[in-house]
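Each protein sequence line maps, in turn, to chains C and H.
Numbered per the UniProt record's numbering, the first sequence spans residues 1 to 218.
Numbered per the UniProt record's numbering, the second sequence spans residues 1 to 218.
The beta-carbon is built from N, C-alpha and C at its ideal position, and this holds for glycine as well.
Values in this document were obtained by computation on a predicted structure and should not be read as measured data.
Since the structure comes first, as structure tokens, the remarks are kept for the end.
There are 2 protein chains.
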Amino acid sequence: MRDVFHEQLESVFVDLAGICGRVELAVGDASRALLTGDAELAERVISGDVEIDRAREEVEESAFQLLSLQAPVARDLRTVVAALRMVSELERMGDLSVHVAKIARLRVPGIAVPEEVRPTIEQMATVAEDMVRRVAEIIIRRDVAAAIALGRADEEMDQLRRRSFTELLAEDWGHGVEAAVDIALLGRYYERIADHAVSVANRVVFVVTGDNPTSVTA
Amino acid sequence: MRDVFHEQLESVFVDLAGICGRVELAVGDASRALLTGDAELAERVISGDVEIDRAREEVEESAFQLLSLQAPVARDLRTVVAALRMVSELERMGDLSVHVAKIARLRVPGIAVPEEVRPTIEQMATVAEDMVRRVAEIIIRRDVAAAIALGRADEEMDQLRRRSFTELLAEDWGHGVEAAVDIALLGRYYERIADHAVSVANRVVFVVTGDNPTSVTA
Chain C
1 MRDVFHEQLE SVFVDLAGIC GRVELAVGDA SRALLTGDAE LAERVISGDV
51 EIDRAREEVE ESAFQLLSLQ APVARDLRTV VAALRMVSEL ERMGDLSVHV
101 AKIARLRVPG IAVPEEVRPT IEQMATVAED MVRRVAEIII RRDVAAAIAL
151 GRADEEMDQL RRRSFTELLA EDWGHGVEAA VDIALLGRYY ERIADHAVSV
201 ANRVVFVVTG DNPTSVTA
Chain H
1 MRDVFHEQLE SVFVDLAGIC GRVELAVGDA SRALLTGDAE LAERVISGDV
51 EIDRAREEVE ESAFQLLSLQ APVARDLRTV VAALRMVSEL ERMGDLSVHV
101 AKIARLRVPG IAVPEEVRPT IEQMATVAED MVRRVAEIII RRDVAAAIAL
151 GRADEEMDQL RRRSFTELLA EDWGHGVEAA VDIALLGRYY ERIADHAVSV
201 ANRVVFVVTG DNPTSVTA
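Here it is, written out as structure tokens:
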């Protein structure tokens with residue numbers, strides 16, 4: 001009985017890593033659409049989100065089946081509930097990619113990101129995509145050390161967000177209010193993607209060690 | 001056995017409504033701090049968030065106890081999992097109130113909201129606080145009709161957010177980039193509070209009827 005349970009649980013984690021892979025693509029495509037003003041690519045991210053939602057529903061269904069049919073207790077129970085939370089967070093990261101893509105689409109045929117903040121936003125996009133890629137690995141390998149290391153990438157994201165504020169609030173900002181608002185919201189979306197990535201990684205730490213890192217709810 | 005289960009489940013929902021009451025206070029206090037530039041009140045919201053976090057942990061513990069000891073199936077199982085999700089969303093609404101309070105604190109002794117957008121932001125704050133108040137009632141009374149009606153308040157929030165963009169992107173906006181960025185982020189925070197309120201209400205609909213409103217994951 002327990003063996004069937006752990007096999008099914010493993011399959012849930014494989015599905016979670018698969019969703020994480022889709023989210024990585026969505027973050028990457030949304031960022032590319034943003035930085036190149038590619039309306040078609042932005043559209044693909046926006047319309048493709050429904051597949052992440054569907055994959056989420058499937059994982060939820062599997063988790064409910066596990067809870068119903070196997071009635072796990074103690075750590076097994078907490079692992080299944082952790083999986084349910086992870087899939088919610090992954091889906092939310094997909095939604096945030098859609099928000100990035102929508103800002104991209106809104107400014108076509110222009111580009112939402114003025115040249116002088118481009119390095120900062122590009123770096124945010126790179127850090128976000130990289131964090132999501134690492135989370136997929138962390139889920140598959142249950143890699144606690146990698147999960148803990150992810151916090152450092154999150155610190156880089158916080159620094160980048162502060163830098164973007166410094167840039168858009170500088171005396172010589174010449175791109176007006178609209179571009180500044182776009183940059184501020186983009187910064188918020190990337191920051192949230194990073195926060196969720198850390199939270200998902202922390203849940204893996206919990207699943208493996210039974211310890212709940214305090215930052216899990218940050 | 002089932003009776004004990006339903007009594008304990010009811011007590012979880014009473015606790016959820018209690019947390020919702022705390023969130024309502026946090027939203028109201030953060031908004032008041034924002035609109036009056038009250039640093040002390042902002043500080044109280046920020047430091048008080050730990051109590052919402054603690055209350056969340058207690059509800060989670062109770063829900064895990066229910067799952068472990070009673071091994072509910074079918075709708076009972078889904079209701080307990082819904083409660084776990086509701087408490088996460090309520091805690092997140094508390095975090096968003098902290099974000100509002102931090103913008104308030106950042107601008108003291110000034111006020112983050114310029115006079116000409118004040119009516120819009122004031123209205124957002126009122127709608128948000130009102131929505132959270134209604135959610136507490138919806139949880140206690142399992143009021144499906146009220147939960148469905150909450151969608152209309154959310155539409156008002158969306159309209160207010162659009163209005164705030166019109167105002168800060170107007171030709172005659174005279175408050176510079178910093179104030180515009182504050183307003184854009186505040187709009188985002190209030191919008192997310194409203195989204196979570198709708199989502200919590202939709203989970204009540206699910207708990208009562210077994211139907212999952214499609215907007216629950218929006």
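In or out: residue i buried (at least 16 other Cβ within 10 Å) or exposed?
{"i": "residue 119(H)", "result": "exposed"}
{"i": "residue 14(C)", "result": "exposed"}
{"i": "residue 211(H)", "result": "exposed"}
{"i": "residue 215(H)", "result": "Here residue 215(H) scores only 47 on pLDDT, less than 50, and its place in the model should not be relied on; the value that follows carries that caveat. So residue 215(H) counts as exposed."}
{"i": "residue 218(C)", "result": "Unreliable positioning characterises residue 218(C) in this predicted model, as indicated by a pLDDT of 38, which lies under 50. The coordinate reading is nonetheless provided below. The residue in question, residue 218(C), is exposed, as its Cβ has fewer than 16 Cβ neighbours within 10 Å."}
{"i": "residue 66(H)", "result": "buried"}
{"i": "residue 121(H)", "result": "buried"}
{"i": "residue 127(H)", "result": "buried"}
{"i": "residue 89(H)", "result": "buried"}
{"i": "residue 159(C)", "result": "exposed"}
{"i": "residue 109(H)", "result": "exposed"}
{"i": "residue 94(C)", "result": "buried"}
{"i": "residue 11(C)", "result": "exposed"}
{"i": "residue 69(C)", "result": "exposed"}
{"i": "residue 170(H)", "result": "exposed"}
{"i": "residue 74(C)", "result": "exposed"}
{"i": "residue 198(H)", "result": "buried"}
{"i": "residue 194(H)", "result": "buried"}
{"i": "residue 7(H)", "result": "exposed"}
{"i": "residue 3(C)", "result": "exposed"}
{"i": "residue 135(C)", "result": "buried"}
{"i": "residue 50(C)", "result": "exposed"}
{"i": "residue 33(H)", "result": "buried"}
Which residue comes first and which comes last in the alpha helix (DSSP H) that contains residue i?
{"i": "residue 170(C)", "result": "No alpha helix (DSSP H) holds residue 170(C); DSSP gives it neither H nor E."}
{"i": "residue 46(C)", "result": "39-70"}
{"i": "residue 202(C)", "result": "176-209"}
{"i": "residue 119(C)", "result": "118-141"}
{"i": "residue 89(H)", "result": "74-107"}
Let me make sure I understand the geometry here. Which of the options has the alpha-carbon closest to that of residue i?
{"i": "residue 72(H)", "options": "34(H), 157(H) and 5(H)", "result": "5(H)"}
{"i": "residue 117(H)", "options": "138(H), 175(H), 75(H) and 150(H)", "result": "175(H)"}
{"i": "residue 137(C)", "options": "24(C), 3(C) and 67(C)", "result": "24(C)"}
{"i": "residue 188(C)", "options": "201(C), 111(C) and 157(C)", "result": "157(C)"}
{"i": "residue 101(H)", "options": "46(H), 114(H) and 53(H)", "result": "46(H)"}
{"i": "residue 150(H)", "options": "123(H), 33(H) and 201(H)", "result": "201(H)"}
{"i": "residue 27(H)", "options": "192(H), 205(H) and 199(H)", "result": "192(H)"}
{"i": "residue 162(C)", "options": "124(C), 77(C) and 132(C)", "result": "124(C)"}
{"i": "residue 52(H)", "options": "172(H), 17(H) and 195(H)", "result": "17(H)"}
{"i": "residue 77(H)", "options": "64(C), 79(C), 166(C) and 183(C)", "result": "64(C)"}
{"i": "residue 44(C)", "options": "56(C), 30(C) and 35(C)", "result": "30(C)"}
{"i": "residue 203(C)", "options": "84(C), 153(C) and 173(C)", "result": "84(C)"}
{"i": "residue 91(H)", "options": "185(H), 3(H), 21(H) and 152(H)", "result": "21(H)"}
{"i": "residue 42(H)", "options": "111(H), 115(H) and 153(H)", "result": "111(H)"}
{"i": "residue 107(C)", "options": "3(C), 182(C), 190(C) and 7(C)", "result": "182(C)"}
{"i": "residue 152(C)", "options": "130(C), 50(C) and 166(C)", "result": "130(C)"}
{"i": "residue 35(C)", "options": "9(C), 96(C), 3(C) and 115(C)", "result": "115(C)"}
{"i": "residue 79(H)", "options": "32(H), 139(H), 50(H) and 57(H)", "result": "139(H)"}
{"i": "residue 155(C)", "options": "166(C), 9(C), 168(C) and 190(C)", "result": "190(C)"}
{"i": "residue 133(C)", "options": "196(C), 166(C) and 173(C)", "result": "196(C)"}
{"i": "residue 61(C)", "options": "9(C), 39(C) and 96(C)", "result": "9(C)"}
Am I right that residue i and residue j are in contact with their C-beta atoms under 8 angstroms? What's the rounded C-beta distance?
{"i": "residue 81(C)", "j": "residue 142(C)", "result": "Not quite, the Cβ-Cβ distance comes to about 17 angstroms (not below 8 angstroms), so this is no contact."}
{"i": "residue 87(H)", "j": "residue 19(H)", "result": "7 angstroms"}
{"i": "residue 37(H)", "j": "residue 104(H)", "result": "7 angstroms"}
{"i": "residue 205(H)", "j": "residue 147(H)", "result": "5 angstroms"}
{"i": "residue 113(C)", "j": "residue 180(H)", "result": "Their Cβ separation, rounded to whole angstroms, is 17 angstroms, which puts residue 113(C) and residue 180(H) out of contact at 8 angstroms."}
{"i": "residue 185(H)", "j": "residue 55(C)", "result": "Contact doesn't hold; Cβ gap of about 31 angstroms is too wide."}
At a CB-CB cut-off below 7 angstroms, which residues of chain B make contact with residue i?
{"i": "residue 177(H)", "result": "No chain B appears in this structure, whose protein chains are C and H."}
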